[in-house]
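Remarks on the structure that follows.
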Amino acid sequence: MKTLAVIGGGPAGTSAAITARQFGASVVIIEATEFPRFRPGESLHPGIETLLEALGADSSLRNAPHLRYQGIWVSWGDTERHFVSFGSDHRGAWFGYQISRAHLDAALLSAAEAAGAEVWRSCKAQALLMRPDGFVAGVITDRGELEAETVIDASGPAGWLARELGVPVAAFSPRLVAHYGYAEGVCSSTELPAIRADQHGWTWLAQIEPYRYHWTRVTQPEYRPARSWLPEEYRYLNVCRTGGADVTWRKAGRLAGAGWFLCGEAGGVLDPSSSHGVLRSLLSGRMAAHLAVAVSRGALNSHEARTSYQRWFDESFDGDVKKMTASYREAGLFGC
Ligand SMILES: Cc1cc2nc3c(=O)[nH]c(=O)nc-3n(C[C@H](O)[C@H](O)[C@H](O)COP(=O)(O)OP(=O)(O)OC[C@H]3O[C@@H](n4cnc5c(N)ncnc54)[C@H](O)[C@@H]3O)c2cc1C
Numbered sequence: 368m369k370t371l372a373v374i375g376g377g378p379a380g381t382s383a384a385i386t387a388r389q390f391g392a393s394v395v396i397i398e399a400t401e402f403p404r405f406r407p408g409e410s411l412h413p414g415i416e417t418l419l420e421a422l423g424a425d426s427s428l429r430n431a432p433h434l435r436y437q438g439i440w441v442s443w444g445d446t447e448r449h450f451v452s453f454g455s456d457h458r459g460a461w462f463g464y465q466i467s468r469a470h471l472d473a474a475l476l477s478a479a480e481a482a483g484a485e486v487w488r489s490c491k492a493q494a495l496l497m498r499p500d501g502f503v504a505g506v507i508t509d510r511g512e513l514e515a516e517t518v519i520d521a522s523g524p525a526g527w528l529a530r531e532l533g534v535p536v537a538a539f540s541p542r543l544v545a546h547y548g549y550a551e552g553v554c555s556s557t558e559l560p561a562i563r564a565d566q567h568g569w570t571w572l573a574q575i576e577p578y579r580y581h582w583t584r585v586t587q588p589e590y591r592p593a594r595s596w597l598p599e600e601y602r603y604l605n606v607c608r609t610g611g612a613d614v615t616w617r618k619a620g621r622l623a624g625a626g627w628f629l630c631g632e633a634g635g636v637l638d639p640s641s642s643h644g645v646l647r648s649l650l651s652g653r654m655a656a657h658l659a660v661a662v663s664r665g666a667l668n669s670h671e672a673r674t675s676y677q678r679w680f681d682e683s684f685d686g687d688v689k690k691m692t693a694s695y696r697e698a699g700l701f702g703c
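Structure (structure tokens):
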């Protein structure tokens with residue numbers, strides 16, 4: 368029997384697996400999709416740097432092509448377009464990262480393998496193994512059964528385990544959709560990354576590689592732009608790929624239970640203006656693994672672990688909901 372079965376090899380799942388391995392626990396990651404996968408999320412908050420270091424994923428990322436940025440151009444509500452920096456300390460300015468998701472995903476997954484996690488690639492979690500007393504005891508996959516003391520669900524917005532157990536998911540915003548894409552060429556705007564709000568939503572623009580640009584447009588469904596829509600600044604660029612996502616703010620009613628934890632977007636989704644998506648996923652994976660190992664070693668009982676995780680997740684999620692509501696209210700958006 369393994370200490371942990373982790374569903375999903377994204378930021379939340381790999382962070383959980385690496386953390387558990389750092390405590391010497393046995394871990395299997397089950398990942399359904401072949402990497403590199405199509406998943407947006409290249410703009411990373413400066414706070415991620417120390418976390419990537421702690422997870423041992425920083426060195427391969429340092430060598431991957433990336434851009435650093437000191438802040439964001441903001442046009443929001445009644446304020447004129449202005450630059451908002453991340454801040455600084457005695458060592459100098461803080462910088463965020465622009466790094467392709469393919470590189471981030473590969474760096475995290477190889478850090479997990481280097482730490483000793485087993486990775487079952489192209490393997491899907493299909494059902495839960497349950498004990499007669501209601502404890503989750505592992506996962507049935509298309510490669511067979513995997514018994515584990517704890518199952519960490521890091522399956523992303525699919526929220527696989529919550530659906531399996533019938534855990535209700537509550538919405539905290541009106542329905543919001545993101546239309547996003549990538550374009551290549553040379554963009555003449557020097558004021559990137561940028562976010563601007565208008566009457567019906569907001570648009571995010573960022574250069575993520577020397578000749579590659581990303582945009583995200585978030586609106587309510589009735590104002591979703593046409594498939595061919597492009598921000599004005601990108602009109603001379605060549606569109607490579609576009610996608611869409613439901614980014615309604617939502618959170619599972621319970622984040623942990625008997626033998627399970629929900630991490631990253633499997634626990635809760637916020638729209639990308641929170642700018643903390645990947646950061647929150649890495650942190651929640653680390654927290655859940657830490658608590659699961661403490662239970663396995665007898666340092667905490669299962670109830671204490673669940674209660675602390677629930678409190679921790681709620682505080683971080685609810686804090687972002689509060690800030691984002693205030694910010695949307697300022698811009699007169701989404702009825703906030
Ligand atoms: C348009 C858009 C722009 C964004 N931009 C940013 C940004 O700039 N910065 C930022 O920090 N965040 C951003 N985000 C958010 C960010 O993408 C997510 O927060 C982050 O990817 C969540 O990580 P995760 O590990 O929880 O889930 P994911 O990265 O979604 O990983 C989940 C994994 O689980 C696997 N899986 C699912 N079901 C199963 C199953 N049954 N069995 C096995 N495997 C399974 C999936 O294949 C997937 O690989 C953006 C999101 C959107 C929609």
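Be aware that the sequence shown starts at 368, since it is given in this note's numbering, and climbs by one per residue.
Beta carbons are placed, not taken as given, at the ideal position from N, Cα and C, and that holds for glycine.
Subject >> Reduced DSSP secondary structure (H/G/I, E/B, other) of K491 >> reply: coil
Original post:
Which whole-angstrom value describes the C-beta separation of V536 and G526, a residue pair presumed to lie in contact below a C-beta threshold of 8 Å?
Top reply: 6 Å
Subject >> Short Cβ contact (8 Å threshold) for W616 with L637 >> reply: yes
Subject >> Limits of the beta strand (DSSP E) - the one that V373 falls within >> reply: 369-374
Original post:
Three or more beta-carbon pairs under 8 Å between the segment 412-431 and the segment 557-574, yes or no?
Top reply: no
Subject >> Proximal residues to A672 (C-beta, below 6 Å), its chain only, five neighbours per side dropped >> reply: L658, V662
**OP:** Could you tell me if the beta carbon of A612 falls within a distance shorter than 7 Å of some heavy atom in ligand 1?
**Re:** yes
Original post:
Taking C-beta to C-beta, are A521 and A372 nearer than 8 Å?
Top reply: no
**OP:** Could you check how far apart the C-beta atoms of R584 and H546 are, in whole angstroms? I think they sit under 8 Å.
**Re:** 5 Å
**OP:** State the Cα-Cα distance for the pair W571 and L622, rounded to the nearest angstrom.
**Re:** 30 Å
**OP:** Taking A619 as part of the alpha helix (DSSP H), name the residues at either end of that continuous run.
**Re:** Here A619 belongs to no alpha helix (DSSP H); instead the beta strand (DSSP E) covers 617-619.
Original post:
Can you round the beta-carbon distance between G463 and S410 to whole angstroms, since I take them to be within the 8 Å contact cut?
Top reply: 6 Å
Original post:
Any heavy atom of ligand 1 closer than 7 Å to the CB of Y547?
Top reply: yes
**OP:** Spatial neighbours of I466 within its chain, please: CB distance less than 7 Å, with the 5 preceding and 5 following residues excluded, ordered by chain position.
**Re:** E409, L411, L428, A431, H433
Original post:
Heavy atom of ligand 1 less than 7 Å from the Cβ of T583, yes or no?
Top reply: yes
Subject >> Rounded straight-line distance, which links the Cα of W461 to that of S595 >> reply: Going by C-alpha positions, S595 is about 36 Å away from W461.
Original post:
By how many angstroms is the C-alpha of D685 removed from the C-alpha of Y676?
Top reply: 14 Å
Subject >> Between the CA atoms of Q566 and H581 - distance to the nearest angstrom >> reply: 22 Å
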